[in-house]
Structure formats: C-alpha cells, structure tokens
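In our numbering, each residue's number is its place in the sequence shown (first place is 1) plus 48.
Report on the following structure.
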Amino acid sequence: MSYQDIQFQIEAGVARLTLNRPDKLNSFTAAMHEEVRDAMSRVEAGEGGARVLLLTGAGRGFCAGQDLGERKREPGGAPVDLGETLGQNYNPLIRRLDALAMPVLVGVNGVAAGAGANLALAGDIVIAKASASFIQSFCRLGLLPDSGGTYVLPRLVGRARAMGMSLLGDRISARQAEDWGMIWQCVPDDEFDATLDRLARQLAQAPTKGLAYTRRALRASVDNNLAQQLELERGMMAELGRSEDYAEGVAAFMAKREPVFKGR
C-alpha cells in the first residue's frame with residue numbers, strides 16, 4: 049500500500065509511524081485509519097526487524113483526534129453512529145497497541161486533543177515537547193473521552209484530575225502532564241528529535257522480548273490482585289529464562305562486555 053496520510057519506515061530496528069496530515073493537525077479520517085492499519089500489520093509481522101514502534105506526528109500537532117468534517121450530520125440526515133466509528137477504527141487500534149510485542153514510544157510534537165490525546169497515552173513511554181499540550185476536548189461536543197480515555201486517565205492521574213480534565217476540557221501543558229505522571233518526560237523543543245532518536249535506538253538494541261513481557265505485566269497489574277500478579281510474573285520469568293537474550297545478558301556480564309541482544 050502507498051501512503052498519503054502517514055509516513056512509515058523501518059530502520060535499525062525502529063518502526064517509525066508519523067501521522068501526516070499537518071494542515072489538519074493530523075486529525076483522523078477513514079483513509080488515515082486504513083493506512084495506519086496496514087502499517088501496524090507490518091509492525092506486528094516484525095517486518096524489517098522492527099523491535100520498537102515510534103509514533104509521532106508531522107508539523108505543529110501530534111493529532112487533533114477525529115476529523116469532524118467526516119462525521120458531521122447533514123441537515124435532515126440520520127445521526128452519525130459514533131459507536132461504529134469507534135468499533136471499526138479507534139478501539140481496534142488501541143487494542144493493537146496494547147497487544148504489540150514490542151515497546152511503543154510516543155513523541156508528542158504538538159497539541160494532542162480528543163482521541164489524539166488518548167492515542168498518545170496508549171504508548172509505553174511518552175515524550176512531549178515543552179510547547180505541546182493535551183486536551184480532553186470531548187466535553188465541548190457533548191461526548192465522553194473515548195479511545196481508552198476513561199480507562200487510562202484515572203489510572204495515570206487519579207480520579208480528581210481525570211474528572212477535571214474530562215468535564216472542563218482544560219489544556220494541560222506538557223510540563224504539567226509530566227508533573228502529574230501522565231507522561232514520562234517533557235523536553236525542550238530543540239531537544240525533542242534527538243531525545244526520541246536516542247530512546248528509539250536504546251529500546252531497539254535492548255532485550256526486546258523481555259521489554260514486551262514487562263509491558264504486558266505492568267498493563268495487567270492494574271486489574272490483577274497480588275496473587276494473580278505473582279503467578280503472572282512466575283510464568284513469564286520461566287519463559288524469559290529460556291530466551292537467547294537472557295543467555296546473552298549473563299554471558300556478557302560474566303565476560304565484562306557489552307551484550308548484543310536479538311529480541312528473542
């Protein structure tokens with residue numbers, strides 16, 4: 049498939065997916081969703097030796113959510129089925145990101161609003177420019193935070209802040225998001241690209257099977273009790289202990305050399 053609304057490349061183990069409708073703040077259309085689905089299939093297949101997914105946006109915005117021009121109700125027309133839009137496009141994307149067998153690094157280069165904000169928060173490590181911001185803009189349209197927003201927000205920032213963000217729709221700066229624990233790091237604008245590249249390389253060279261299991265375990269922990277989580281850890285450690293990366297890590301430690309991991 050040729051891409052018009054995204055940019056996608058795999059290099060040195062990093063699959064870089066860039067939302068690319070900068071004139072529309074990278075808001076989603078059906079066509080963009082189709083291209084993202086195709087790129088995600090390539091990532092899931094490990095094409096090009098992909099070991100980390102880097103998701104970011106082109107231009108001055110990360111993603112403004114849904115392109116409302118595609119979802120407006122024509123005069124006298126039937127109501128738009130937003131549930132169908134979620135069921136066909138957004139929800140499957142969030143599930144695929146959650147299930148991905150590699151780390152997901154998100155670079156928020158500008159405003160992340162609506163579903164775009166919650167897409168960003170679906171990542172494992174979220175880096176944002178100091179000039180970036182997050183807006184749960186649904187309340188301005190009579191809607192609720194979708195794309196996992198009502199699930200992830202209270203778990204990241206607590207009930208009170210999740211309520212304030214969702215009911216008031218205030219703009220949250222990248223610095224405030226970092227202070228609240230909503231994202232990993234807010235960086236100066238001129239350090240953003242270098243920071244993303246460094247972290248992407250670091251993750252791609254790491255023992256990525258172990259990282260994939262770590263992200264699965266941490267994500268499962270929010271719904272597990274201690275006994276369930278201990279059993280999950282036991283099973284995962286038993287499998288990881290048989291991995292090539294673990295053997296390489298031990299061998300490199302004993303030989304006092306840098307390990308060369310392969311993600312298996």
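Note that CB positions come from ideal geometry on N, CA and C, so glycine has one too.
This one's a predicted model, so the numbers in the text were calculated from it and none came from an experiment.
query: Give, in chain order, every unbroken run of the beta strand (DSSP E) that is at least 3 residues long and sits entirely within the stretch 174 to 221.; result: 181 to 183 and 219 to 221
query: On the CB-based measure, 16 or more other CB atoms within 10 Å of its CB, does A126 come out buried or exposed?; result: exposed
query: Would the beta-carbon of F348 fall within 8 Å of that of A160?; result: Nothing in the structure corresponds to residue 348, since the chain is present only between 49 and 312.
query: Given this structure, state the Cα-to-Cα distance separating E226 from F110, to the nearest angstrom.; result: 17 Å
query: Which residues in the same chain have their Cβ closer than 8 Å to the Cβ of W232, if we skip the five residues on either side of it in sequence?; result: I173, V174, I175 and E226
query: Determine whether the beta carbon atoms of A252 and R99 lie at a separation below 8 Å.; result: yes
query: Can you name, in chain order, every residue of its own chain whose Cβ lies under 6 Å from the Cβ of R144, other than the five neighbours on each side?; result: M88
query: Give every residue of the same chain whose Cβ lies closer than 6 Å to the Cβ of C234, excluding the five residues on either side of it in the sequence, and list them in chain order.; result: A176, A178, A222, R223 and E226
query: Is the distance from the Cβ of D129 to the Cβ of T77 below 8 Å?; result: no
query: According to DSSP, what are the bridge partners of L102?; result: R64 and L153
query: Hey, how far is the Cα of L192 from the Cα of Q136?; result: 18 Å
query: By DSSP, does Q114 sit in helix, in strand, or in coil?; result: strand
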